[in-house]
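Okay, structure first, notes after.
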Amino acid sequence: MSARLTGFSGQRSFTCYSFPVTMLLMLCGYFIYKMMCLIFYI
């Protein structure tokens, strides 16, 4: 029972950790895309 509970909380913390990382990666990709567009536009 306790092992299952810790596993569940671990999965939840992993989700809470991976969500901001994914958002950050998407933001970085968006900025890189914008920079590429600017470079090719010039």
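Under this note's numbering, the residue at position 13 of the sequence shown is numbered 28, and the numbers go up by one with no gaps. Every residue gets a Cβ at the ideal spot worked out from N, C-alpha and C, and that includes glycine.
| query | result |
| --- | --- |
| Residue 16 in three-state terms, based on DSSP | Bear in mind that the predicted position of residue 16 carries a pLDDT of just 48, short of 50, making it unreliable; the figure below should be weighed with that in mind. Three-state DSSP puts residue 16 in coil, outside helix and strand. |
| C-alpha gap between residue 40 and residue 32, whole angstroms | 13 Å |
| Alpha-carbon to alpha-carbon, residue 42 and residue 53 | 17 Å |
| Sequence-distant residues of its chain with Cβ nearer than 8 Å to residue 46 (five each side left out) | none |
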